[in-house]
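Numbering of the sequence shown is given in our numbering, commencing with residue 27 and proceeding in unit increments.
Positions of the beta carbon are idealized from the N, C-alpha and C atoms, including for glycine.
For clarity, every value in this text was computed on a predicted model and none was experimentally measured.
Written below as structure tokens is the structure these notes are about.
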Amino acid sequence: MEEVLAAMRDLVEHSCQILTLGQYLRPSLDHLPIARYVSPAEFAALKTAGEQMGFAHVESGPLVRSSYHARTQLAAARG
């Protein structure tokens, strides 16, 4: 988790305003296995940390992808 928090701090320092955090989910047995499942509580903690760091908008959850509700995220970030 500390590596993720460090990356988040770097993103804020470089003026990133919108953050999406998701979980790799193995689409089939032909793909790489999941190394570790991140719990919903961990995603919630990362969302809170991101908001406290100053991101304008944070989406954080196992099914979140970079395009996850992108239009809504942009509108929320712009206020």
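| query | result |
| --- | --- |
| Report yes if the CB atom of glutamate 127 is closer than 8 Å to the CB atom of methionine 27, and no otherwise. | With the chain represented from 27 up to 105, any question about residue 127 goes unanswered, as that position is not in the structure. |
| Do you know how far the Cα of isoleucine 60 is from the Cα of serine 54? | 11 Å |
| Going by DSSP in three states, valine 30 sits in which element: helix, strand or coil? | helix |
| Do you know how far the Cα of phenylalanine 81 is from the Cα of serine 41? | 9 Å |
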